[in-house]
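A.B. asks: So the protein sequences, as listed, match chains A and B.
Taking the numbering used here, the leading residue of the first sequence gets 1, the next gets one more, and so forth.
Taking the numbering used here, the leading residue of the second sequence gets 1001, the next gets one more, and so forth.
We put the CB at the ideal spot given by N, CA and C, even for glycine.
Have a look at this one before I ask anything.
Protein chains: 2
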Amino acid sequence: MEVTGHMPAQDAPRTRSASIWDVARVAGVSQQTVSRVINGKARVSEATRARVLQVIAELGYRPNRLAQALAGGPVRSVTVLTSDTALYGAAATLRGMEEAARTAGFSVGISVLERNSGQADIALRLNRPGEAVMVIAFDDAGVRALRALPADVPVAAAVERRPDDGPDDPWQIWLDDRAAAAHATRYLLSLGHQTVHYVAIPSSTSALPQRTQGWQDALGAAGRPLPEPLPGGWSPRSGYLAVRSLLADRSVTAILCGNDDLALGVMRAAREAGRDIPGDLSVVGFDDSPPSAYLNPSLTTVRLDFEGLGRACFGLLHRRLDPQNAPAVPAWSEPELIVRESSGPPPA
Amino acid sequence: MEVTGHMPAQDAPRTRSASIWDVARVAGVSQQTVSRVINGKARVSEATRARVLQVIAELGYRPNRLAQALAGGPVRSVTVLTSDTALYGAAATLRGMEEAARTAGFSVGISVLERNSGQADIALRLNRPGEAVMVIAFDDAGVRALRALPADVPVAAAVERRPDDGPDDPWQIWLDDRAAAAHATRYLLSLGHQTVHYVAIPSSTSALPQRTQGWQDALGAAGRPLPEPLPGGWSPRSGYLAVRSLLADRSVTAILCGNDDLALGVMRAAREAGRDIPGDLSVVGFDDSPPSAYLNPSLTTVRLDFEGLGRACFGLLHRRLDPQNAPAVPAWSEPELIVRESSGPPPA
DNA sequence: AGAGAGAATGTGATCGATAACATTACCTAT
DNA sequence: ATAGGTAATGTTATCGATCACATTCTCTCT
Chain A
1 MEVTGHMPAQ DAPRTRSASI WDVARVAGVS QQTVSRVING KARVSEATRA
51 RVLQVIAELG YRPNRLAQAL AGGPVRSVTV LTSDTALYGA AATLRGMEEA
101 ARTAGFSVGI SVLERNSGQA DIALRLNRPG EAVMVIAFDD AGVRALRALP
151 ADVPVAAAVE RRPDDGPDDP WQIWLDDRAA AAHATRYLLS LGHQTVHYVA
201 IPSSTSALPQ RTQGWQDALG AAGRPLPEPL PGGWSPRSGY LAVRSLLADR
251 SVTAILCGND DLALGVMRAA REAGRDIPGD LSVVGFDDSP PSAYLNPSLT
301 TVRLDFEGLG RACFGLLHRR LDPQNAPAVP AWSEPELIVR ESSGPPPA
Chain B
1001 MEVTGHMPAQ DAPRTRSASI WDVARVAGVS QQTVSRVING KARVSEATRA
1051 RVLQVIAELG YRPNRLAQAL AGGPVRSVTV LTSDTALYGA AATLRGMEEA
1101 ARTAGFSVGI SVLERNSGQA DIALRLNRPG EAVMVIAFDD AGVRALRALP
1151 ADVPVAAAVE RRPDDGPDDP WQIWLDDRAA AAHATRYLLS LGHQTVHYVA
1201 IPSSTSALPQ RTQGWQDALG AAGRPLPEPL PGGWSPRSGY LAVRSLLADR
1251 SVTAILCGND DLALGVMRAA REAGRDIPGD LSVVGFDDSP PSAYLNPSLT
1301 TVRLDFEGLG RACFGLLHRR LDPQNAPAVP AWSEPELIVR ESSGPPPA
């Protein structure tokens, strides 16, 4: 329903949506009272409240979040900075963040980081100084963006697991994929493999990637040979390319991959090299992306609760914004090894 | 850099980011002049402009988009309404939308639709009356949201292809997956298959899904038997379940699937039923999601340019918002059949 | 009866920015 | 010299909402 003008200026009537002034006039109260009603504030009688809500429904009034924010209302919007949302990890984390934020009444912005996003760029991606931000910082673009945020920005970030000697930041949150990689490696060793090779996802920092570290941890603890990690990317193709030379070596019987897409590429390269999976070669992925259970062979992989992590990340930010009232940060599941068809004992 | 106060009220100094008033004071001009500089308006001397830009850089001033919008500046924000962003079609479309919008200087909001999102919900997801919106309406939740938007909302939508007798809306855009399904069906027939079965994705409307329609078009035109379409969902599991009974019938030699995940499930069910792919059964997917080339067997599928569609959708919205200045709507690629290992002639 | 406290409501200022219009100075043409 | 037009800048109002404080009325206690 369109109505005209508002109280302070009636010399140029224009058609637009109902504002708080329109509601106030029709309900016969001040706009401050309407504000109290829509924000659940005290000092409003039940009769007045009911009358105002009735008028709100009749006029189809919708609050203007921009004006609320500008006038100093509570922070109710957040921008998510993230890299490629088509990658399972980022997509699932974003899904958790968006759901939790929306449920808490926040509006959610998204801004995708490119490889070459510059420092000056980052602040300009925010709607206003002081905008709340969540960063999905699983790769170096995310980490760079996190560092480039101005000091006035309330932020929470989902990051790659910190190294044990890394800086402690209470607003960062992660999944322990180092321990998960160690566990997956130990599983392969327990099947009888002499050692395990590793195709790595790129690190988000200059430090050794934590999944790589966990793989090395387990091999070191077992006194097994420690091969050079094979650098991969994020895609099946990069996994395929990473192992083509390695697979000529028949003594290679087990490969752990930094994500499921890498595993898919590795399995294809193995088939082309005439290696049977898991008879000749066991392949283990990471993340348990949705198609994994239906591959041929179905993929042994590590399930990571990215959605849970995203929800928890928002919970952390919410506590940062409103320590008194925000609910407890929700828990997220620990990594879990999911054994399927692609892994088994080494050939006799 | 934090500075205090602003011109009209200096009796309660507070620390916050630089505002347009701070820039104006330091540069020795009015805030209107600063506004002219940052918006590239006329009536600013080169010397004044340079001075203002210098002060902006020194103070680290960042415009407040909320205030800009409230004060009547040009629309520079858009909210994307979409269903499950982990599905390839929606994720890729979103990626195209976000990239195009960001590049054009828009801030992008995202709001994920749940199955039970109600009509009253939709308007409340927008930041203000009149907010620009893009809807990814490939499923029924998206279509319902599109219908529920208030009349004052400038909107562009990526939709399932319209039926030929459907309503003509200049602000809707789609990929011709009806023609693509017909083409894929004809391809399978040309391999020698007597007929083609079809596992359907859910329709976004009460009309026959357009991919289903295209499959039927091609079978009808070739005078081939027309099997009942098998209702599937969006996931591998639903594809797996959809065909378990069908695969007992050895005369079934070709299955077209409404998306790649369905194809993955179908292929798994085929293997469990002892059907060789493509020796006994050809399987064709839809969308060419990134893992398709690396599956075992690699998947024959129809490539759809969702990213291009997303970019074009933003282009359409931009023209709706600013007919004089917005660039031409970018073209997007036509669907393309990608033949890989999963399809071949029927068994002799 | 009078004082004090609290409930309920309203007024004015503010937030950061742009639109609309006003003002001033300078240049050109007659 | 005067008039007209334009460039450049500034002032005021406005956008929709909330904060901070003021005002009024009612109830309870002494």
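1. Any beta carbon of chain A sitting closer than 8 Å to that of S1083 (chain B)?
2. Looking at the structure shown, is G73 (chain A) part of a helix, part of a strand, or coil, going by DSSP?
3. Can you list, in chain order, the residues of its chain with a C-beta nearer than 6 Å to that of V1196 (chain B)? Leave out the 5 residues immediately preceding and following it.
4. Going by DSSP, which residues form a beta bridge with C1257 (chain B)?
5. Give every residue of the same chain whose Cβ lies closer than 6 Å to the Cβ of W174 (chain A), excluding the five residues on either side of it in the sequence, and list them in chain order.
6. What are the start and end residues of the alpha helix (DSSP H) that includes E1099 (chain B)?
7. Looking at the C-beta of D22 (chain A), does it have a partner C-beta in chain B at a distance below 8 Å?
8. Could you run through the segment 81-106 of chain A and flag, in chain order, every residue whose CB is less than 9 Å away from some CB of chain B?
9. CB A1091 (chain B) to CB A141 (chain A), shorter than 8 Å?
10. Please list the residues of the segment 1239-1258 of chain B that have a C-beta atom closer than 9 Å to any C-beta atom in chain A, keeping them in chain order.
11. Grouping DSSP H, G and I as helix and E and B as strand, with all else coil, what is H183 (chain A)?
12. Take the Cβ of D164 (chain A) as the centre, count every other Cβ of all protein chains shown within 10 Å, and call the residue buried at 16 or more, exposed below.
13. Taking Cβ positions only, does I338 (chain A) come closer than 8 Å to chain B?
14. At a Cβ threshold of 8 Å, is Y294 (chain A) touching chain B?
15. Under 8 Å Cβ to Cβ from S30 (chain A), same chain only, skipping five residues before and after it: list those, please.
16. Answer yes or no: the CB of A1200 (chain B) versus the heavy atoms of the ligand FMN, is any distance below 7 Å?
17. Quick check on this structure: which residue in B:S1342, B:P1150, B:R1102, B:A1104 has the alpha carbon closest to the alpha carbon of R1125 (chain B)?
18. Is it a yes or a no for the segment 1275-1293 of chain B touching the segment 1302-1320 of chain B, going by three-plus beta-carbon pairs under 8 Å?
19. Alpha carbon to alpha carbon, what distance is there between Y1294 (chain B) and L1113 (chain B)?
20. Within 10 angstroms of its Cβ, does E1002 (chain B) collect 16 or more other Cβ (buried), or is it exposed?
21. By the 10 Å Cβ neighbour count, where 16 or more other Cβ atoms means buried, how is E1354 (chain B) classified, buried or exposed?
22. List the residues of chain A that S1235 (chain B) touches, going by C-beta distances under 8 Å, in chain order.
23. Do H193 (chain A) and L337 (chain A) count as a contact pair if the criterion is CB distance below 8 Å?
24. If we count Cβ pairs, one from each stretch, closer than 8 Å, do we get three or more for the segment 70-86 of chain A versus the segment 121-137 of chain A?
25. Measure the C-alpha to C-alpha separation of S17 (chain A) and P327 (chain A) and round it to an integer number of angstroms.
26. From the beta carbon of M7 (chain A), is the nearest beta carbon of chain B less than 8 Å away?
27. Mind checking if N116 (chain A) is an interface residue toward chain B, Cβ cutoff 8 Å exclusive?
28. Is G285 (chain A) helix, strand or coil when you go by DSSP?
29. Just checking: is the beta-carbon of S1282 (chain B) within a distance shorter than 8 Å of some beta-carbon in chain A?
30. Who are the Cβ neighbours of V1199 (chain B) in its own chain at under 7 Å, not counting the five residues just before and after it?
31. How big is the Cα-Cα spacing for R76 (chain A) and S107 (chain A)?
32. Hey, N1127 (chain B) and L66 (chain A): beta-carbon distance below 8 Å or not?
33. Straight-line CA distance for R392 (chain A) to T48 (chain A)?
34. Need the endpoints of the beta strand (DSSP E) that L1337 (chain B) sits in, please.
35. Would you tell me roughly how many angstroms separate the C-alpha atoms of P209 (chain A) and A221 (chain A), rounded to the nearest one?
36. Measure the Cβ-Cβ separation of S1204 (chain B) and F1138 (chain B) and say whether it is below 8 Å.
C.D. replies: To lay it out plainly:
1. no
2. coil
3. T1185, L1188, A1254, L1256
4. B:V1199
5. V159, R161
6. 1088-1103
7. no
8. D84, T85, A86, Y88, A91, A92, L94, R95, E98, E99, R102
9. no
10. G1239, Y1240
11. helix
12. exposed
13. no
14. yes
15. A24
16. Ligands are entirely absent from the displayed structure, and the ligand FMN is therefore not among its contents.
17. B:P1150
18. yes
19. 32 Å
20. Because the pLDDT of E1002 (chain B) is 37, which lies under 50, any placement of that residue in the model is unreliable, and the number read from its coordinates should be weighed accordingly. The residue is exposed, with fewer than 16 neighbouring Cβ atoms inside 10 Å.
21. With chain B covering only 1001 through 1348, there is no way to say anything about residue 1354 (chain B).
22. P290
23. no
24. yes
25. 34 Å
26. Because the pLDDT at M7 (chain A) is just 35, under 50, the model does not fix this residue reliably, and the value given afterwards should be weighed accordingly. Cβ-Cβ to chain B under 8 Å: no for M7 (chain A).
27. no
28. coil
29. no
30. L1230, G1232, G1239, A1242, V1243, I1255, C1257, G1258, L1262, V1266
31. 6 Å
32. yes
33. Any answer about residue 392 (chain A) is impossible in this case: the structure gives chain A only from 1 up to 348.
34. 1336-1338
35. 18 Å
36. yes
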